[in-house]
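**Student:**
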Amino acid sequence: MPVVNKKKDSPIQDPSSGFMEPFLLHLADNALILGHRNSEWTGHGPILEQDIAISNIALDLIGQARNFYQYAAKKINEYPDRVVNSKTVTEDSLAFLRDAWDFKNCLLVEQTNGDWAKTILRQFFFSLYQSFLFEGLQLSADKQVAAISEKAAKEVAYHLKWSSEWVIRLGDGTEESHNRMINAIDELSKFTEELFIPASYELEAAKHGVGIDLTLIQPRWKEKMEAVFEEATLPTQKLKEKLWQGLFGKEGRHTEQLGYILAEMQFMQRAYPDSEW
Amino acid sequence: MAEEHLERIFQDKIDEEIRIEPKDWMPDAYRKTLIRQMSQHAHSEIVGMLPEGNWITRAPSLRRKATLIAKVQDEAGHGLYLYSAAETLGITREEMIAQLHSGKAKYSSIFNYPTLTWADIGAIGWLVDGAAIMNQVPLCRASYGPYARAMIRICKEESFHQRQGFEILLTLSRGSEAQKRMCQDAINRWWWPAVMMFGPSDESSPHTAQSMQWRIKRFTNDELRQKFIDVCAEQCTILGMTIPDAELKWNPEKNHYDFGPINWEEFWNVVNGHGPCNKERLDARIKADAEGAWVRQAAFEYANKKKEKEQRKVA
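These protein sequences, in sequence, are chains G and V. Taking numbering that gives the first Met the number 0, the leading residue of the first sequence gets 0, the next gets one more, and so forth. Taking numbering that gives the first Met the number 0, the leading residue of the second sequence gets 0, the next gets one more, and so forth.
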């Protein structure tokens, strides 16, 4: 008979234990889920050079996720009472053994790839956000967060350049590519507001100088986004749609998409628990 | 200059191990052989991304996931070098891809087998990349310069992939019962297809003699196959697994392993389109190409618009 993993509590569920863990997990989950989505393109890209580019971005994002998970695991393992069944927490237990309600990624990153226009727009919205985020986090009071962010900022600068160029190319390319970008804007713009609504742990992190004030980067994000849209001949007035109030990925309230991502991503660790790979 | 004379100069260069470069005169048949072989090789890299890419989203750890993405991305890079090298012979990448999609050009049959478990990713690295390296290392000295130079880069990365694959299997072989079972099952399914990767035996290989005279090939299919079997038989003992060939046995007189008969019927069936995944692999490539058409068109139109704008600025 297969052994069922009966761990009832994930080791990091208690929100009263401080902002650091959820804050780190939020940063890691964002990167992992978008990296996962982008990696679905590997081998199926519209042209070989771009297949390589999107896989490269996937790889960078998974690297960022690993850095944040490893740091989160280290923090969690410093408190033995937080560790369930005397099992050490690892980057893999954090990625593969939590369910959707414990994932703290933004809703934007879990949305399906759709066509190349949707994938590009999702990357552009997110990379633009990450570029301001890591610019701020490089100065974090937490040295490790600052160091990870400094490395990530360099990668994100490339992701942003690449995705901005593609937004412009598709927006100002053919009628079809322009229309596909409009559809992508329709589908994704409602998920952008969440990026700038701070979760409780983000407020706490900002208060302690570890995180940043997201309301300060929102206008900068909007300004840059509009500049790229203008060059791409894309309308900006489409971006006003509000998200349904009940959803808030940062606090674990996700769209249906995330469950399917996890079912696939976590399959091996769930089917063959406690194994070395 | 008479064709006969040019041909003699060409063969002299080859015999003296002087590389043939794109602008040099070469016999048509040499050019055709190279286009066939190099495009087939490029297509194999690209189609080969599919069975491995199949496990990226299910890789069992973050480290394995990252390594696998990097590996599949390397294959795409190899495809790029090889298409570029083949383009120096006067064919475009688009033409080569069209030949792949129409079925005119082939790719390595090994990628028509399915990846059913995580262990298959290890087995592909160990056996398939291992066989590819045996084939490809001599190609680093192929007579055609651009091909030889592309192969030098490719071989460096392939040997890295092969070690990673072996390491995946080694980890499984030291793991739980289920992991050991997974490991043996993958070796059972991939062994014979890997052995067949060296192509038909020498007596039924139509291109070998000419390719050897042109120094595109340096060893025969059977020589390379024997070398591969000798190496793998030893490596398999480190894994504590069994190679699925009851006749595999060290022969001290020959200084080689003896091995059982190869199922050439299966080989030709898969080559001729009747393998387990021929249709899926080709369909996936055709779909990616068709769905990417509007993207390529948009990039093309945008580049033209930009060029026009700049020209207007200059004027």
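Beta carbons: idealized from backbone N, C-alpha and C, even for Gly.
DSSP beta-bridge partners for His255(V)?
**Tutor:** Here residue 255(V) is taken as the residue at index 256 of the second sequence, counted from 1. Answer by DSSP bridge pairing, in chain order: Asn250(V).
**Student:** Could you please give the first and the last residue of the uninterrupted alpha helix (DSSP H) stretch that includes Cys139(V)?
**Tutor:** The sequence position of residue 139(V) within the second sequence is 140, counting from 1. That residue, Cys139(V), is in no alpha helix (DSSP H); it is neither H nor E in DSSP.
**Student:** Who are the neighbours of Arg65(G) on chain V, taking C-beta pairs under 8 Å?
**Tutor:** Stepping through the first sequence from its first residue, residue 65(G) is reached at position 66. Ordered by position in chain V, the residues that pass the 8 Å Cβ test against Arg65(G) are Leu61, Arg62 and Ala65.
**Student:** Got a sec: is the Cβ-Cβ distance from Gly291(V) to anything in chain G below 9 Å?
**Tutor:** Position 292 of the second sequence holds residue 291(V). Yes, contact with chain G.
**Student:** Closest by CA to His177(G), which one among Glu6(V), Trp190(V), Gln296(V) and His100(V)?
**Tutor:** As a working note, residue 177(G) is residue 178 in the first sequence. Nearest option by C-alpha distance: Gln296(V).
**Student:** DSSP three-state label for Ile261(V), please.
**Tutor:** Residue 261(V) sits at position 262 when you count from the first residue of the second sequence. If DSSP states are grouped into helix, strand and coil, Ile261(V) belongs with coil.
**Student:** Classify Met267(G) as buried or exposed, calling it buried when 16 or more other Cβ atoms lie within 10 Å of its own Cβ.
**Tutor:** If you number the first sequence from 1, residue 267(G) lands on position 268. Counting Cβ neighbours within 10 Å, Met267(G) comes out buried, since at least 16 surround it.
**Student:** Which residue marks the beginning of the alpha helix (DSSP H) containing Trp293(V), and which one marks its end?
**Tutor:** For the purposes of this step, residue 293(V) is taken as residue 294 along the second sequence, with counting starting at 1. That run of the alpha helix (DSSP H) goes Ala292 to Val313.
**Student:** For Trp249(V), count neighbouring C-beta atoms within 10 Å of its own C-beta (all shown protein chains included) and say buried if the count is 16 or more, exposed if not.
**Tutor:** As a first step, residue 249(V) must be located in the second sequence, where it is residue number 250. Exposed, because fewer than 16 other Cβ atoms sit within 10 Å of the Cβ of Trp249(V).
**Student:** Going by the beta-carbon positions, is the gap between Glu6(V) and Ile45(V) smaller than 9 Å?
**Tutor:** For the purposes of this step, residue 6(V) is identified with residue 7 of the second sequence, where counting begins at 1. For the purposes of this step, residue 45(V) is identified with residue 46 of the second sequence, where counting begins at 1. Not in contact: Glu6(V) and Ile45(V) (Cβ atoms no closer than 9 Å).
**Student:** Would you give the residue range spanned by the alpha helix (DSSP H) that His42(V) belongs to?
**Tutor:** Numbered from its first residue, the second sequence carries residue 42(V) at position 43. Looking at the DSSP string, the run of the alpha helix (DSSP H) that includes His42(V) is Asp27 to Gly52.
**Student:** For the structure I just gave you, are there three or more beta carbon pairs, one from the region 131-151 of chain G and one from the region 215-222 of chain G, closer than 8 Å?
**Tutor:** Judged by Cβ distances under 8 Å, the region 131-151 of chain G makes contact with the region 215-222 of chain G, as three or more pairs qualify.
**Student:** Can you tell me whether Ile196(G) is helix, strand or coil according to DSSP?
**Tutor:** If you number the first sequence from 1, residue 196(G) lands on position 197. If DSSP states are grouped into helix, strand and coil, Ile196(G) belongs with coil.
**Student:** Return helix, strand or coil for Phe247(G), following the three-state DSSP convention.
**Tutor:** Translated into the one-based positions of the first sequence, residue 247(G) becomes position 248. The answer is strand: DSSP assigns Phe247(G) an E or B state.
**Student:** Return helix, strand or coil for Ile19(V), following the three-state DSSP convention.
**Tutor:** The residue you call residue 19(V) lines up with position 20 of the second sequence. Note: Ile19(V) maps to strand in three-state DSSP.
**Student:** Could you please tell me which residues of the region 83-97 of chain G, in chain order, have their CB closer than 7 Å to any CB of chain V?
**Tutor:** Listed in sequence order: Glu90, Asp91 and Ala94.
**Student:** Please confirm if Pro45(G) has its CB atom under 9 Å from at least one CB of chain V.
**Tutor:** Taking the first sequence and counting its residues from 1, one reaches residue 45(G) at position 46. Chain V contact via Cβ: present.
**Student:** Quick check on Arg97(G): does DSSP put it in helix, strand or coil?
**Tutor:** Looking up residue 97(G) in the first sequence gives position 98. Coil.
**Student:** Let me know the secondary structure DSSP gives Arg252(G) once reduced to three states.
**Tutor:** As a working note, residue 252(G) is residue 253 in the first sequence. DSSP places Arg252(G) in strand when its eight states are reduced to three.
**Student:** Which of helix, strand or coil does DSSP assign to Glu48(G)?
**Tutor:** In the first sequence, the residue the question calls residue 48(G) occupies position 49. Helix at Glu48(G).
**Student:** To be precise: take each residue of the region 152-183 of chain V, compare its Cβ to all Cβ atoms of chain G, and keep it if any distance is under 9 Å. Which residues remain?
**Tutor:** Listed by position along the chain: Ile167, Thr170, Leu171, Arg173, Gly174, Ser175, Ala177, Gln178 and Met181.
**Student:** Who are the Cβ neighbours of Pro145(V) in its own chain at under 7 Å, not counting the five residues just before and after it?
**Tutor:** Residue numbering aside, residue 145(V) sits at position 146 when the second sequence is read from its first letter. Cβ within range, chain order: Pro21, Ala84 and Thr87.
**Student:** Do the region 159-166 of chain G and the region 194-211 of chain G touch if we need at least three Cβ pairs shorter than 8 Å?
**Tutor:** No: the two stretches stay apart, fewer than three of their Cβ pairs being nearer than 8 Å.
**Student:** By a C-beta neighbour count over all protein chains shown, 10 Å radius and 16 as the cutoff for buried, is Asn277(V) buried or exposed?
**Tutor:** As a working mapping, residue 277(V) is identified with position 278 in the second sequence. Burial call: buried.
**Student:** Based on Cα-Cα distance, which residue from Lys223(G), Met180(G) and Val155(G) lies nearest to Leu33(G)?
**Tutor:** For this step, residue 33(G) is matched to residue 34 along the first sequence. Comparing Cα-Cα distances from Leu33(G) to each of Lys223(G), Met180(G) and Val155(G), the minimum goes to Val155(G).
**Student:** Looking at the secondary structure, which residues open and close the alpha helix (DSSP H) in which Gly78(V) lies?
**Tutor:** Looking up residue 78(V) in the second sequence gives position 79. First-last of the alpha helix (DSSP H) with Gly78(V): Leu61 to Glu86.
**Student:** What residue from Leu169(V), Leu79(V), His40(V) and Gly239(V) has the CA that sits closest to Gln49(G)'s CA?
**Tutor:** Within the first sequence, numbered from 1, the residue matching residue 49(G) stands at position 50. Ranking the options by Cα distance to Gln49(G), first place goes to Leu79(V).
**Student:** Closest Cβ-Cβ distance between Ile167(G) and chain V: below 9 Å?
**Tutor:** For the purposes of this step, residue 167(G) is taken as the residue at position 168 of the first sequence. Chain V, which has a Cβ nearer than 9 Å to the Cβ of Ile167(G), makes this yes.
**Student:** Closest by CA to Thr254(G), which one among Trp40(G), Phe67(G), Ser92(G) and Trp100(G)?
**Tutor:** As a first step, residue 254(G) is located in the first sequence; it is residue number 255 there, counting from the start. Answer by Cα proximity: Trp100(G).
**Student:** Quick one, which of Ser172(V), Arg62(V) and Pro260(V) has its alpha-carbon nearest Asn66(G)'s?
**Tutor:** Here the question's residue 66(G) lines up with position 67 in the first sequence. The option with the nearest alpha carbon to Asn66(G) is Arg62(V).
**Student:** Mapping DSSP to helix, strand and coil, what is Phe197(V)?
**Tutor:** Stepping through the second sequence from its first residue, residue 197(V) is reached at position 198. If DSSP states are grouped into helix, strand and coil, Phe197(V) belongs with coil.
**Student:** Cα separation between Glu250(G) and Gln122(G)?
**Tutor:** Here residue 250(G) refers to the residue found at position 251 of the first sequence. Here residue 122(G) refers to the residue found at position 123 of the first sequence. Taking the straight line joining both Cα atoms gives about 22 Å.
**Student:** Does the beta-carbon of Trp115(G) have 16 or more other beta-carbons within 10 angstroms, so that it is buried, or is it exposed?
**Tutor:** Here residue 115(G) refers to the residue found at position 116 when the first sequence is read from its first residue. Buried, by the Cβ-count rule.
**Student:** Reducing DSSP to helix, strand and coil, say where Asp282(V) ends up.
**Tutor:** Translated into the one-based positions of the second sequence, residue 282(V) becomes position 283. Residue state, collapsed to three classes: helix.
**Student:** Mind checking Gly272(V): buried by the 16 CB within 10 Å criterion, or exposed?
**Tutor:** On the second sequence, residue 272(V) is found 273 positions in, with the first residue counted as 1. That one is exposed.
**Student:** Within the same chain, show all residues whose beta-carbon is closer than 7 Å to that of Met0(G), passing over the 5 residues directly before and after it, in chain order.
**Tutor:** Mapped onto the first sequence, residue 0(G) falls at position 1. The predicted model places Met0(G) with a pLDDT of 36, which falls under 50 and marks its position as unreliable; any figure quoted below should be read in that light. Around Met0(G): no qualifying Cβ.
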